[in-house]
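Chains as they are written, first to last, in the working numbering: chain Y, 132 to 247; chain S, 668 to 1302; chain X, 61 to 221; chain B, 581 to 701.
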Amino acid sequence: MMLVNYIGAVLLLATGFYVMMTKENIIKIVIGMGIIDYGLNLIIVSIGFNEGGTAPIFTMSELKPGMYFVDPVPQALTLTSIVIGACVTAMALTLCIKLYEEYGTLNSSHIRRLRG
Amino acid sequence: MIQHFPILSIMVLFLGAFLVVLVGRSRIARTAVVSAAVLTSFALMVALIKPVMIDGQIISYWMGNWAPVSGYAIGIGIEVDALSLFFGLLVSLAVMLSGFYSFKYITQDDSPDLFFTLYLMLAGGVMGIVLSGDLFNIFVMLEVMTFAAVALTAFRSWNPNAREAAFKYLVVGSLGSTFVLLGTALVYGQCHTLNLAQISGLLSVNGINPTMTFAFALLFTGFGVKAFMTPFHPIAADAHAAAPSSVSVLISGVFTKTGVYGIIRVSYFLFKSMGMSSMQTGLVFIGCVSMFVCVTMALNQHDFKRLLAFHSISQIGYILTSLGLCSAIGIAGGLYHAINHTLFKGLLFLTAGAVLYATGTTKLEKLGGLARRMPQTAALFMVGAFSISGIPPFNGFVSKWMIYQAAYEKAAETGSIGYAFVTVIAVVTSVLTLASFVKVGQSVFFGELPVELENVKETPLSMRIPMWIMAALCLLTGVLPGLMQQYIINPAVRATLDYKGYIDAMMGEGYAAAHLADTVPLAEAKYTFAGAWNPAFWLVLFVIVLLGVTVAMMIGKSGRGAATAIADDKHDTFFGGEKNTFSQVGGGDLFWGFKYNFRRYLNVMGNAHSGVVNDYVTWGVIDLALIIVYCFIFM
Amino acid sequence: MKNTDNSDLIVKCLADKFLPLSLVLGLYVILHGNISPGGGFQGGVLVSSAVLLLYLAYGYKGAAAAISGKILHKGEAFGAICYIVFAMLGIFYGFNFCRNVLFSRGEIGDIWSSGTIALMNYAVGLKVLTGVGFLLMLVIGLLAADPAEKAPDASEGGELK
Amino acid sequence: MKRTLLVVALLIFMSAGIFSVTYMYKNIPITYDGSNTDVYELAHNPTDYDTSDADGVASIIVKENLDKTRATNNVTAIVFDFRGYDTLGESFILLTAITGALVVLRKSKKRGEGAAKNEEH
Chain Y
132 MMLVNYIGAV
142 LLLATGFYVM
152 MTKENIIKIV
162 IGMGIIDYGL
172 NLIIVSIGFN
182 EGGTAPIFTM
192 SELKPGMYFV
202 DPVPQALTLT
212 SIVIGACVTA
222 MALTLCIKLY
232 EEYGTLNSSH
242 IRRLRG
Chain S
668 MIQHFPILSI
678 MVLFLGAFLV
688 VLVGRSRIAR
698 TAVVSAAVLT
708 SFALMVALIK
718 PVMIDGQIIS
728 YWMGNWAPVS
738 GYAIGIGIEV
748 DALSLFFGLL
758 VSLAVMLSGF
768 YSFKYITQDD
778 SPDLFFTLYL
788 MLAGGVMGIV
798 LSGDLFNIFV
808 MLEVMTFAAV
818 ALTAFRSWNP
828 NAREAAFKYL
838 VVGSLGSTFV
848 LLGTALVYGQ
858 CHTLNLAQIS
868 GLLSVNGINP
878 TMTFAFALLF
888 TGFGVKAFMT
898 PFHPIAADAH
908 AAAPSSVSVL
918 ISGVFTKTGV
928 YGIIRVSYFL
938 FKSMGMSSMQ
948 TGLVFIGCVS
958 MFVCVTMALN
968 QHDFKRLLAF
978 HSISQIGYIL
988 TSLGLCSAIG
998 IAGGLYHAIN
1008 HTLFKGLLFL
1018 TAGAVLYATG
1028 TTKLEKLGGL
1038 ARRMPQTAAL
1048 FMVGAFSISG
1058 IPPFNGFVSK
1068 WMIYQAAYEK
1078 AAETGSIGYA
1088 FVTVIAVVTS
1098 VLTLASFVKV
1108 GQSVFFGELP
1118 VELENVKETP
1128 LSMRIPMWIM
1138 AALCLLTGVL
1148 PGLMQQYIIN
1158 PAVRATLDYK
1168 GYIDAMMGEG
1178 YAAAHLADTV
1188 PLAEAKYTFA
1198 GAWNPAFWLV
1208 LFVIVLLGVT
1218 VAMMIGKSGR
1228 GAATAIADDK
1238 HDTFFGGEKN
1248 TFSQVGGGDL
1258 FWGFKYNFRR
1268 YLNVMGNAHS
1278 GVVNDYVTWG
1288 VIDLALIIVY
1298 CFIFM
Chain X
61 MKNTDNSDLI
71 VKCLADKFLP
81 LSLVLGLYVI
91 LHGNISPGGG
101 FQGGVLVSSA
111 VLLLYLAYGY
121 KGAAAAISGK
131 ILHKGEAFGA
141 ICYIVFAMLG
151 IFYGFNFCRN
161 VLFSRGEIGD
171 IWSSGTIALM
181 NYAVGLKVLT
191 GVGFLLMLVI
201 GLLAADPAEK
211 APDASEGGEL
221 K
Chain B
581 MKRTLLVVAL
591 LIFMSAGIFS
601 VTYMYKNIPI
611 TYDGSNTDVY
621 ELAHNPTDYD
631 TSDADGVASI
641 IVKENLDKTR
651 ATNNVTAIVF
661 DFRGYDTLGE
671 SFILLTAITG
681 ALVVLRKSKK
691 RGEGAAKNEE
701 H
């Protein structure tokens, strides 16, 4: 539980939203989505963090009395969420490649055949 | 044995998807695998009607037998109450009918094996959401569903708009997923668990603190994105228009239902915020804005499928409005409308797909007179149009009537003029819906047949059968509302209002009583349904009128001969005196008077639907900010 | 990046040396996923990086000669089916879905001590190494197809060589 | 106009978010207070360890893991056993994304061209 991590995660999310809202290059929009993913992963891992805790693995030789673990559940959630983020990025980039082929530009204000 | 049915009905769809990857190159194997998967899934859902809907049993199923230990749910649970089963039935029915339709429909595209892989993935993801009992699991399945929907939107390689629509859909959809995941993380931080039932029990104990208010706003908005509530609707219009029609059925009839389902779970079960009148007002407001904005946008469209897409969100607005009323009849109306929305919207999209299959275009200006070439499709379209506009013997009337009645009762109960105004908006929206379907019918199925469409043929039988089934269901749910209410709707409404039973079924008897001492009670489950009309009379009247009109037309025809399409001079004055073969008003021009008078409003809306993806994200984030402020003030 | 004629001997030699290493490391991470940090997913990605090594050394043609995209895609579906079947073992044994039915054998820390977890780990490993490998093959295919159509860019090519 | 709305919305999100997480940091107990769980004791005698005063899912999972699944890596045990269904979903996502990439990147064809090809099968 670290306040700095929490606030950092919120700032990362806000940065990602800002990038997605203002940047016209669609690659940058994808980067914004990536930043949001990092913010999410950071906040999930931080929720499970415990000051002084060790990795939640029972390896006999390293275990000493008085040790304690951090919460393993958010780490498992983060593993899933990282993969999902990677899939979002992969899918979005393939679409970007195709859009560039079709429109000859990466500028989102020119990619607007569907409107109104 | 019966407790395995929900998980099997999810896994059968996914297994089918993987088998299609392995054996999908051959058409027979592919058809067999897909049919088996969708039929098995539907059959398993139907088999659950008896125990869950009628006997009132709630199936709780722990993955890997990880039952709760000392009051904490450690594993993932699947929980099927009547509400989940209601949506599960809806989903599997739409998936089955649309799947059978696709076998023939998709032959115009290449690589159908990939199509059916993604199709079954989408279906499985939606089933996973509505049957799941775990918040993070819902997020995971939401992502499966979103990816499959995005990929299917981009599927038509010959449609130049497909990739653009898919990209916008992916960006805005991932925004929604972000909100849901952030909300889930905060809820885990508060409750130390991810099980829906346990969260529901624990949140009342701890009360609603600022973190949970923030989480509620995030979860609500996140599921709102999936339901395409108003600031998020442009992407839905793009996606529907670009996707193959059988996928449009799924996106409109099934995908949006997960958003509705999520909103019900979040606001009725988890946070129980629907007990507060301010939250009810908020949801009703969102619903009203959705239905009005989208129906006016629909009047302005020139593309068949895009128009249908806007209507789809407009009907979602009805569902949200009635759910926001939080009375038994309101919820019943909303759920009834959810069924009807899937049926008539599916039917309309399938007819649009049939038109596209036969003619190769959905532009209203290029079509016309197809009723002569495709009489069955035209008849089916009329059924769908009557249903969506709420003409009595069809199903739209019943649910809309219930929604009007619920809004009016709410107004009488609270004494606020606002809820009476909701009824007015709902009726006006219904009228505008009818108006825009008059436009579509006139410019697609009636009027002059363009020369290019002379040798259009009726669609193949395998595509017409699912449409006829949907039309029959539209009529049946319209004339048998009592039966529907008794066996399908009322159990779901009871389940919606009975969160204590939901918690107890999952966490063990007495858990809810131990934790839910001081809860705000939701609406009491009293059922006072519409009074003095009997759908059977309406059906008889409708048949009589139909027969009369047919007889009159036949008599009239024998008098006038076959010359129905000759030019008549009386229209010439409106068109500069030129003698055309037939004076048809183009599809885009039918409501030019309306458009002219509302040009300022329509200009504003047109600028807002700018097609730039940044703008859509901006509207989304602004909407989130508004909801956050609203929740922090009133919750 | 533009160097698709892969005449670079150093890259080739290093790739030949590193390819087995990366494969072994990835397989190790997959196989020991249940008792040490890592797991099927991470190991799968490590193994699939072999595609990139092949591409760097031998170009798209070399990579495509060694690896077939279709087989990778089918392998991925096969891995997913394996996963579902392992999860369904629970139902066949009379328990619930995802039930770990083969556990309680071996001491804590043994490779077989975790039962179905290990099997699922391997299924996910197979799925990820084929899946990500296939994705990389797709993207590499795009890179390989592009330069022929585009006009040569002097500012980029001149500095890289 | 749009810029102003955008900045205001972002500021609202940031202030509400920071307020919420600060509240969570100060007032809400952490999800898994590890100091209540004697890991050393647990590792040597997993069956008898008592978890009746659990403060969250994690403290039970850490115990149940050694007792029932015998995987030493807690995270892997959660990923594949306690929440194995999520991992299943995650692998579905990967397959969906890859199939989606394949769909998007395939060569674009004219309408109806696929029909002729299908008849061969």
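Even glycine gets a Cβ: it sits at the ideal position worked out from N, Cα and C.
As the structure is a computational prediction, the values presented were derived from the model and not from experiment.
Exercise for the section: Would you kindly work out how many angstroms separate the C-alpha atoms of leucine 646/B and isoleucine 127/X, rounded to a whole number? Expected result: Within the fourth sequence, residue 646/B is the residue found at index 66, counting from 1. Within the third sequence, residue 127/X is the residue found at index 67, counting from 1. Leucine 646/B and isoleucine 127/X: Cα-Cα distance of roughly 41 Å.
Exercise for the section: Pull up the distance between the alpha-carbon of methionine 788/S and that of valine 1212/S, whole angstroms please. Expected result: Numbered from its first residue, the second sequence carries residue 788/S at position 121. Numbered from its first residue, the second sequence carries residue 1212/S at position 545. The straight-line gap from Cα to Cα measures roughly 45 Å.
Practice task
Would you list the residues sitting across from phenylalanine 200/Y in a DSSP beta bridge?
Solution key: Indexing the first sequence from 1 puts residue 200/Y at position 69. Thr185/Y.
Handout entry: Member of Thr676/B, Ile678/B, Phe672/B, Lys687/B whose CA lies at the smallest distance from the CA of lysine 229/Y
Key = In the first sequence, the residue the question calls residue 229/Y occupies position 98. With distances taken between Cα atoms, lysine 229/Y lies closest to Lys687/B.
Exercise for the section: Can you grab the Cα-Cα spacing for the pair isoleucine 177/X / aspartate 613/B, in whole Å? Expected result: In the third sequence, counting from the first residue as 1, residue 177/X sits at position 117. In the fourth sequence, counting from the first residue as 1, residue 613/B sits at position 33. Each residue's alpha carbon lies about 27 Å from the other.
Handout entry: Integer-rounded CB distance, given that asparagine 1007/S should sit under 8 Å from threonine 1144/S
Key = For the purposes of this step, residue 1144/S is taken as residue 477 along the second sequence, with counting starting at 1. For the purposes of this step, residue 1007/S is taken as residue 340 along the second sequence, with counting starting at 1. Indeed, because the Cβ distance is near 6 Å, the residues count as touching under 8 Å.
Problem - One or two residues paired with glutamate 1080/S in a DSSP bridge - result: For this step, residue 1080/S is matched to residue 413 along the second sequence. In the DSSP output, where bridge partners are listed per residue, glutamate 1080/S has none listed.
Problem - Backbone CA spacing between leucine 992/S and phenylalanine 1064/S [nearest angstrom] - result: By 1-based counting over the second sequence, the position of residue 992/S is 325. By 1-based counting over the second sequence, the position of residue 1064/S is 397. Going from the Cα of leucine 992/S to the Cα of phenylalanine 1064/S covers about 19 Å.
Handout entry: Paired residues, beta bridge with aspartate 801/S - DSSP
Key = Position 134 of the second sequence holds residue 801/S. Paired residue(s): Asn862/S.
Problem - Assigned exposure category for glycine 1215/S - 16 Cβ within 10 Å defines buried - result: Here residue 1215/S refers to the residue found at position 548 when the second sequence is read from its first residue. Its Cβ having fewer than 16 others within 10 Å, glycine 1215/S is exposed.
Problem - valine 916/S versus alanine 995/S - alpha carbon distance - result: Position 249 of the second sequence, counting from 1, holds the residue named residue 916/S. Position 328 of the second sequence, counting from 1, holds the residue named residue 995/S. Straight-line Cα distance between these residues: approximately 29 Å.
Exercise for the section: Quick one: which residues of the stretch 827 to 843 of chain S get their C-beta closer than 8 Å to a C-beta of chain B? List them in chain order. Expected result: Arg830, Ala833
Handout entry: Given serine 979/S as reference, the closest of Gln968/S, Ile725/S, Val962/S once Cα atoms are compared
Key = Your numbering for residue 979/S matches position 312 in the second sequence. The option with the nearest alpha carbon to serine 979/S is Val962/S.
Handout entry: Where tyrosine 153/X sits in the DSSP three-state scheme
Key = Here residue 153/X is taken as the residue at index 93 of the third sequence, counted from 1. It is coil, neither helix nor strand.
Handout entry: Nearest-angstrom Cα separation, counted from glycine 103/X out to leucine 91/X
Key = In the third sequence, the residue the question calls residue 91/X occupies position 31. In the third sequence, the residue the question calls residue 103/X occupies position 43. Cα to Cα, leucine 91/X sits roughly 8 Å from glycine 103/X.
Exercise for the section: Alpha carbon to alpha carbon, how far is valine 105/X from glycine 223/X? Give it in angstroms, no decimals. Expected result: Any answer about residue 223/X is impossible in this case: the structure gives chain X only from 61 up to 221.
Exercise for the section: Give me the Cβ distance between glycine 179/Y and valine 204/Y, rounded to the nearest whole Å; I'm assuming they're in contact under 8 Å. Expected result: Working through the first sequence from its first residue, we reach residue 179/Y at position 48. Working through the first sequence from its first residue, we reach residue 204/Y at position 73. Contact holds; Cβ gap of about 6 Å.
Exercise for the section: Output yes if chain B places a C-beta closer than 7 Å to the C-beta of glutamine 857/S; else output no. Expected result: In the second sequence, the residue the question calls residue 857/S occupies position 190. Chain B, which has a Cβ nearer than 7 Å to the Cβ of glutamine 857/S, makes this yes.
Practice task
Mind checking which residues open and close the alpha helix (DSSP H) that includes tryptophan 729/S?
Solution key: Walking along the second sequence from the start, residue 729/S turns up at place 62. Looking at the DSSP string, tryptophan 729/S is not in any alpha helix (DSSP H); the run it does join, the beta strand (DSSP E), is 726 to 729.
Practice task
Find the residues of chain Y that neighbour phenylalanine 194/X, judging by a C-beta separation of less than 9 Å, and give them in chain order.
Solution key: Here the question's residue 194/X lines up with position 134 in the third sequence. What phenylalanine 194/X touches in chain Y: nothing, since even the nearest Cβ is about 11 Å away.
Exercise for the section: Output, in chain order, the set of chain B residues within a Cβ distance shorter than 7 Å of valine 204/Y. Expected result: As a first step, residue 204/Y must be located in the first sequence, where it is residue number 73. What valine 204/Y touches in chain B: Val637, Ala638, Ile641, Ile658.
Practice task
Give me the Cβ distance between leucine 143/Y and isoleucine 166/Y, rounded to the nearest whole Å; I'm assuming they're in contact under 8 Å.
Solution key: For the purposes of this step, residue 143/Y is identified with residue 12 of the first sequence, where counting begins at 1. For the purposes of this step, residue 166/Y is identified with residue 35 of the first sequence, where counting begins at 1. The Cβ separation is near 6 Å, so the contact holds.
Exercise for the section: Return the bridge partner residues of glutamate 746/S from the DSSP annotation. Expected result: Locating residue 746/S in the second sequence gives position 79, where the first residue counts as 1. Note: glutamate 746/S sits in a beta bridge opposite Ser727/S.
Problem - Residues that leucine 202/X contacts on chain Y, provided the C-beta gap is smaller than 7 Å - result: As a position in the third sequence, residue 202/X is number 142, starting the count at 1. Chain Y residues near leucine 202/X: Ile228.
Handout entry: Three CB pairs or more closer than 8 Å across the stretch 690 to 697 of chain S and the stretch 118 to 127 of chain X
Key = no
Handout entry: methionine 788/S: contacting residues in chain B (beta-carbon distance under 8 Å)
Key = Looking up residue 788/S in the second sequence gives position 121. Under the 8 Å cutoff, chain B gives Phe672, Leu675, Thr676, Thr679.
Problem - Backbone secondary structure at aspartate 1282/S - three-state DSSP - result: As a first step, residue 1282/S must be located in the second sequence, where it is residue number 615. Three-state DSSP puts aspartate 1282/S in a helix.
Practice task
Return the first residue and the last residue of the alpha helix (DSSP H) that histidine 624/B is part of.
Solution key: Looking up residue 624/B in the fourth sequence gives position 44. Counting along the chain, the alpha helix (DSSP H) containing histidine 624/B begins and ends at 619 to 624.
Handout entry: Three-state secondary structure assigned by DSSP to valine 736/S
Key = If you number the second sequence from 1, residue 736/S lands on position 69. In this structure, valine 736/S counts as strand in the three-state DSSP scheme.
Handout entry: Under the three-state DSSP convention, the category asparagine 967/S falls into
Key = Your numbering for residue 967/S matches position 300 in the second sequence. In this structure, asparagine 967/S counts as coil in the three-state DSSP scheme.
Exercise for the section: Could you have a look at asparagine 238/Y and say whether DSSP puts it in helix, strand or coil? Expected result: Translated into positions along the first sequence, residue 238/Y becomes position 107. Strand.
Problem - Segment contact flag, the stretch 833 to 844 of chain S with the stretch 1278 to 1296 of chain S, C-beta cutoff 8 Å, min 3 pairs - result: yes
Exercise for the section: Could you say if the stretch 749 to 766 of chain S and the stretch 1011 to 1018 of chain S meet the contact criterion of at least three C-beta pairs nearer than 8 Å? Expected result: yes
Practice task
Enumerate in chain order the residues of its own chain whose CB-to-CB distance from tyrosine 728/S is below 7 Å, with the five nearest sequence positions on each side excluded.
Solution key: Translated into positions along the second sequence, residue 728/S becomes position 61. Gln670, Pro673, Ile674, Gly744, Ile745, listed in sequence order.
Exercise for the section: Rounded to whole angstroms, what's the CA-CA distance from isoleucine 677/S to tyrosine 143/X? Just pull it up for me. Expected result: As a position in the second sequence, residue 677/S is number 10, starting the count at 1. As a position in the third sequence, residue 143/X is number 83, starting the count at 1. For isoleucine 677/S and tyrosine 143/X, the distance between alpha carbons rounds to 15 Å.
Problem - is_contact[phenylalanine 599/B, chain Y] using C-beta, thresh 7 Å - result: Residue mapping note: residue 599/B aligns to position 19 of the fourth sequence, counting from 1. No, its Cβ sits nowhere closer than 7 Å to a Cβ of chain Y.
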